[in-house]
Structure formats: C-alpha cells, structure tokens
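Enquirer: If you read the sequences in order, they're chains U and F.
Numbers given in my numbering equal positions in the first sequence, counted from 1, plus 116.
Mapping to my numbering: the second sequence position 185 is 170, numbers consecutive.
Supplied in structure tokens, the structure appears directly below.
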Amino acid sequence: MPALLNNPDLQFVLWALLKIVVILFGLLGVVSYLTFAERKIAGHIQARTGPNRVGPLGLIQPIADVLKLFFKEEFIPAGANKVIFHIAPMLAVIPALVTFSVIPIGPAFTVTDLNVGLLLFLAMSSIGVYAITLAGWSSNNKYALLGGLRSSAQMISYELAMGLSTVGVLIIAGSLSLVDIVHAQRNLWFVVQQPLAFVIFMITAFAETNRAPFDLPEAEAELVAGFHTEYSSMKWGLFFLGEYANMITISSIAVVLFLGGWNGPWLPDSLKFLWYFAKLGALIFFFMWVRWTFPRLRYDQLMQLGWKVLLPLALLNVVATGTAMWWVLNR
Amino acid sequence: MIPVLFVALAAILVVSSLLVILHRNPVTSALFLVLAFCSLAGIYLLLRAEFIGMVQVIVYAGAIMVLFLFVIMYLNLGHDVEGGVAIAVRRGVGWVLGAVLVVEGALLLGRGWATGPVTPGGATPPGGNTQAIGLLLYSRYLFPFEITSMVLLVAMVGAIVIARGRGPSAPAPPAPAPPAGAPAPAPEERA
C-alpha cells in the first residue's frame, strides 16, 4: 500500500480528487444557502422579512426546500423527447462546476492551473447554452420552445461581447492562465485600468446567467416559465442549482479578472483566500440586488443592447487597450 | 494513462461520428456532432495543443452547433425527408462522395506514414503554444489570416443583405425609443 501511494501519478489524481470533493460539496452547500439569501434580500428590498419560520431565523428553510423538491412528483409531458429531456438539466449544472476547476481561490488553492484557463471558462459558458435550448425543445411545449429559442439567441449574442471584454485584461496580463492574471494584479486591480471592460463584463454576466433584467427565457408574463415550464421535482431543481452555480462561477471570474482575485492588504498568504470570498460575496449580493430592483428588458431592446452597444464598445476597448500598451511598451 | 485516454476519446469520436450520419432525428444527430467535437478537443488536449482544444469547443461545439440546432429547431425538422426525387439525388451524391473518401483513405493507408512519439516531448515553446500560434498567425501567416477574415466579412455582409430582403416590403424592426439626449435617428433611405 505505501508503495502504491508513492506513485506520483496516483498522488496527483488523489490530491485532485480531494480538491474536487471539497469544492463540489462546498459549492452545493453554498448554493442552497444562496437561495435562502436571495429570498431574505428580496424580502428586505420589498419591506418584508422573508422566510423566518423553519428553524432559528429561518435558517433550516433551504433543507426543507430541498426535501420538498425530492418528494415532488416527476412529470414528463406526452410527446417529449425523453432522453434529451433528461440530459438537459444535467447540462445546466456541469459547465458551471467544470469552470470552477480553474478558479484560483487562494495563493495555494487552485484545483488546476491551466495555461488556457480563461478559454475553458468561455468554452464552458458556450456549452451552457445547450441546457436551456434542449430543455425548451424536448418539452414539446410551445412556451418552452420559445423560451429556449430566445435564450440561445441571447446567450450567443452576449457571449461575443463577454469574450471581447476580457481581451483587454489579457493584453495587460499577457496570459490566459487565471493564476497569472491574479498575480498580475498584485499592485493594481484591473478594474482601475479596464473600467469599461468591467461594466461590459458585468452586464453580459447577467445575460449569461439568465437573471433579471435579462431573464427573457423565463419571462413569466409571456412564456409561463419559459424553458422549464414542463420540468418538475429534482430536474427543475437542477436548473435552479445550475442558475446559482453559474452565478457563483461568473462572479468568481469577475473577481479574478477585474477585482484582483485573492489579492488584498493585511492578511498573511495563508488567509488571503478570505479576500476572494469577501469579493465574491459582495458581487453575488450585487447580482441579487439588481434582480429585485430592475425591470425586465423587452426582447428587441435586449438584442439592440447586445449587438449595437456592448459589442462595439467592447471592440473599442480592445483597440484602445492595444494602442495604450503599444505606446507604453515603445516609449 | 495517456494511451488509455486516447483510445477512450477516439472510440467516443468514431461512434458519435457514425451516429451523426446514422441517426434519423436531426436534433440527435446534431448533438452527437457536438459530442464528436468535444472528444476531438480532448484528443487535442492530449497532444498538448490546449489552445486548439479550447477553441475547438468554443467555436465548433459552442457557437456553430448552437446555430445549427437553432435552425433545426426553428424549422421544426422532426425527421429526415424520406422519399421523392430529391432524396434519390441526395443519396446518389452521398454515395459518390463516400466512394471518393474511401479511395482517398485507402491510398493514404497504402502509402504508410512515419509514426511519431505518442506524446510530443519538449515541443512546447516558452509561453505555451497560445503565444506560438499568435506569433505565427501575425507574422508568417498574416496574409492567409487577413484573407480569411475578408471572406468572413463578405459572408456576413451577404447574410445581412439576404436577411433584410429587398425594397420597402421588408418588415421594419420596431423602432426603439431613442435615449434622452441622443440625436434623432436619420430617416432610412430606401429606393
């Protein structure tokens, strides 16, 4: 046995598995309490108290919710494409979890430092479109189909602006590795040098996570519940989980790209990860704050904003950053 | 470890590619094509071509196939066209192209080629292959690169022209309210 454990390949795999388990269960636990936080914040924004009956201060509410979800009846509509109907909810969760493997949480804690980490994030967010599109199509329901089609159009449009908004950061950092990008912000956060890119990134992040004011795919007033109209029980729960996991992932990327990752004053290196969590928490609170204070955009306004405002601005930012870097390097 | 991964990915690639052409439902075919692209990306990663692998997923699996799926769903193609003259012509063309491919493959296999090491060792330049590809693309291959982007630009303009239709009968998009302080949009000139 000891001889087996000395095998470096095996050590690598075991160590990676341990990190994955820690992150996976940590993330799932955080997601369930984010739903609680969201309801509490929504309550206070609307001058209510939010859930406060289950357990002290309502803290056991998420567990009650999950139990309820598990015991709900599972329903598959007639004429649905059963296999795809089952696969779609899984696709909603997996990309968000995969992206987490490249996010540097602390100076010593990254599951893997990929030298194309940022591209992995973009790849996974482009795969995430399938969940909603396929859910809408396989349900055999016109509202679900419309929700799915809207969502694919929306996500494709906003992905472009999102990708371009990260290019400015890449030009300055000179690397696609998220760890290197964090290290490059030791003295100055990129949000100072790239304010426009940060704003564009945050707007597209709302669109990518399908949250208000860009939650067109599920617009209740027009489309019942959009792509997940026909989903029930834990399959619906997976979409919910996917939305929150996506929110955490995309906020993490925003922290890493623009807010300095785990960089921060005072704390020793071993505790720097607390900075990351503090910034992450602030961004997630921002996401919820926006959801409960802004109305939803109309569909054509959403498309206009994406193609005619955000995309040209992101391109302009790339050109400006490139010119500035050329000037700085050749001075 | 790497040979095992390669065999697994290659098996998925071959099986899913076959299912792309054998499955009757166009949506399922498209999804198997996505799976094929993803396993191909995995093989690129095994060859330490991380940049190509990720771009494979972003461009093919993430963008192009989503648009394919979009079109299939939009046209609501429940199943393939089963009869008529068109299908006979299509089958004929398919057989001819397939035969050409088989002949090509046979010729290539007959010639034989030198097999390199399973994993390329020490081939990664400093800065990773992303930097190497960028340098090559903007120096040695600058001209082909620019030509490709011109082709794409022409295709884009063409798509816009087709989508807009001709003359005043084209449906006008709903006019958005101009933001406060913005100049009034110029009236569109149509012949």
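Backbone N, C-alpha and C define an ideal beta-carbon position, used for all residues, glycine too.
Bear in mind that the values here come from a model prediction, so they are computed numbers and not experimental data.
Can you say whether Ile147 of chain F is buried or exposed, counting buried as having 16 or more other CB atoms within 10 angstroms of its CB?
Expert: exposed
Enquirer: Tell me which residues of the stretch 250 to 272 of chain U have at least one Cβ-Cβ distance to chain F shorter than 9 Å, keeping chain order.
Expert: Contacts with chain F (Cβ-Cβ distance below 9 Å) from the stretch 250 to 272 of chain U involve Leu250, Gly252, Trp253, Ser254, Leu261, Gly264, Leu265, Ser268, Ala269, Met271, Ile272, listed in chain order.
Enquirer: For Ala239 of chain U, decide whether its Cβ has a neighbour in chain F, counting only Cβ atoms nearer than 7 Å.
Expert: yes
Enquirer: State the Cα-Cα distance for the pair Val85 of chain F and Phe(-9) of chain F, rounded to the nearest angstrom.
Expert: Computed Cα separation, rounded: 28 Å.
Enquirer: Could you spell out the range, first to last residue, of the alpha helix (DSSP H) harbouring Ser268 of chain U?
Expert: 258 to 289
Enquirer: How long is the line joining the alpha carbons of Gln417 of chain U and Ala269 of chain U, rounded to whole angstroms?
Expert: The alpha-carbon atoms of Gln417 of chain U and Ala269 of chain U are separated by roughly 13 Å.
Enquirer: By the 7 Å beta-carbon criterion, what residues does the stretch 114 to 134 of chain F contribute toward chain U?
Expert: Under the 7 Å Cβ criterion, the stretch 114 to 134 of chain F contributes Thr115.
Enquirer: Taking the alpha carbon of Phe201 of chain U as the reference point, which residue from U:Gly380, U:Asn362, U:Leu354, U:Gly171 has its own alpha carbon closest?
Expert: U:Leu354
Enquirer: Just checking: is the beta-carbon of Gly77 of chain F within a distance shorter than 7 Å of some beta-carbon in chain U?
Expert: In terms of beta-carbon proximity, Gly77 of chain F stays away from the interface with chain U, with every pair separated by 7 Å or more.
Enquirer: Quick one: grab the DSSP three-state call for Gly171 of chain U.
Expert: coil
Enquirer: In angstroms, rounded to a whole number, what distance separates the CA positions of Gly166 of chain U and Glu154 of chain U?
Expert: A direct Cα-Cα distance of roughly 9 Å separates Gly166 of chain U from Glu154 of chain U.
Enquirer: Provide the residue span of the alpha helix (DSSP H) that contains Leu292 of chain U, from first to last.
Expert: From DSSP, Leu292 of chain U is part of no alpha helix (DSSP H); its letter is neither H nor E.
Enquirer: Assign Glu174 of chain F to one of two classes, buried (16 or more other C-beta atoms within 10 Å of its C-beta) or exposed (fewer than that).
Expert: No answer about Glu174 of chain F holds up, because its pLDDT of 40 lies below 50 and its placement is not dependable.
Enquirer: Just confirm the distance between the C-beta atoms of Gly342 of chain U and Gly244 of chain U, as a whole number of angstroms; I'd bet it's less than 8 Å.
Expert: Actually they do not touch by this definition, with Cβ atoms about 15 Å apart.
Enquirer: Start and end of the alpha helix (DSSP H) containing Ser148 of chain U?
Expert: Taken as a continuous stretch (DSSP letters only), the alpha helix (DSSP H) holding Ser148 of chain U covers 124 to 161.
Enquirer: Are the C-beta atoms of Ile176 of chain U and some chain F residue less than 7 Å apart?
Expert: no
Enquirer: Three or more C-beta pairs closer than 8 Å, one from the stretch 133 to 143 of chain U and one from the stretch 213 to 221 of chain U: is that the case here?
Expert: Judged by Cβ distances under 8 Å, the stretch 133 to 143 of chain U makes contact with the stretch 213 to 221 of chain U, as three or more pairs qualify.
Enquirer: Mind reading off the beta-carbon distance from Val340 of chain U to Leu292 of chain U? Whole number of angstroms is fine, and I expect it under 8 Å.
Expert: That pair is no contact at about 41 Å.
Enquirer: Determine the closest residue to Phe322 of chain U out of U:Glu359, U:Leu207, U:Tyr259, with distance taken between C-alpha atoms.
Expert: Checked all of U:Glu359, U:Leu207, U:Tyr259; the closest Cα to Phe322 of chain U is U:Glu359.
Enquirer: How is the alpha helix (DSSP H) around Ser24 of chain F delimited, first residue to last?
Expert: 11 to 31
Enquirer: Using DSSP's beta-bridge definition, name the partner residues of Gly195 of chain U.
Expert: Answer is none; Gly195 of chain U lacks a bridge partner.
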